[in-house]
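Per this note's numbering, the sequence shown runs over residues 1 to 29. In what follows, a structure is listed as structure tokens, so that the remarks can point back to it.
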Amino acid sequence: SLAFGDVNTVCDKYDRYIRTVTNMQNIKM
1 SLAFGDVNTV CDKYDRYIRT VTNMQNIKM
């Protein structure tokens with residue numbers, strides 16, 4: 001249960017990171 005929660009947290013942070021990078025690329029373009 002704890003490990004699953006950690007994976008969920010990492011996935012959430014990774015998803016936000018990808019969105020931030022995508023937004024930066026869109027602004028540059």
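We treat Cβ as the ideally placed atom computed from N, Cα and C, and that holds for glycine.
Backbone CA spacing between residue i and residue j [nearest angstrom]
i   : j   : result
Y14 : M24 : 15 Å
Y17 : C11 : 10 Å
N8  : K28 : 30 Å
D6  : N26 : 30 Å
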